[in-house]
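In this note's numbering, the protein residues as written are 38 to 143.
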């Protein structure tokens with residue numbers, strides 16, 4: 038289906054008709070977005086606003102931080118964060134990988 042021919046249909050209808058690989062990718066992106074939206078409810082500490090879930094790779098939760106300063110408290114709280122995300126999103130992750138990767142300003 039060509040999305041340009043169906044200007045009156047919601048994009049969700051078009052996406053649901055795409056191959057399973059694309060739907061799987063969209064589901065994964067939705068999960069990561071949901072985890073990032075949930076982070077402030079885990080902790081209101083200022084450094085939490087500087088981190089984001091970047092990926093789930095096997096049993097590894099990949100976290101990016103805007104600065105190295107945010108990695109210091111994350112190092113001490115990563116076990117608690119991992120347990121909370123595992124419980125809330127049924128992940129099954131056993132370890133975290135964190136790196137500094139600033140968000141690009143648009």
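The C-beta atom is built at its ideal place from N, Cα and C for all residues, glycine as well.
Just so it is clear, the structure is predicted and the values come from calculations on it, not from any experiment.
Since residue i is in the alpha helix (DSSP H), which residue starts that stretch and which ends it?
i           : result
residue 106 : 105-126
residue 49  : 48-53
So which of the options has the shortest CA-CA distance to residue i?
i           : options           : result
residue 82  : 100, 121, 114, 64 : 114
residue 138 : 100, 57, 74       : 100
residue 132 : 87, 97, 50        : 97
residue 93  : 141, 126, 112, 46 : 126
Specify the secondary structure class of residue i as computed by DSSP and reduced to three states.
i           : result
residue 134 : strand
residue 66  : helix
residue 86  : helix
residue 81  : coil
Assuming residue i is part of the beta strand (DSSP E), what are its boundary residues?
i           : result
residue 101 : 97-102
Per the contact definition of three or more C-beta pairs closer than 8 Å, is the region 58-70 in contact with the region 103-116?
No: fewer than three Cβ pairs fall under 8 Å.
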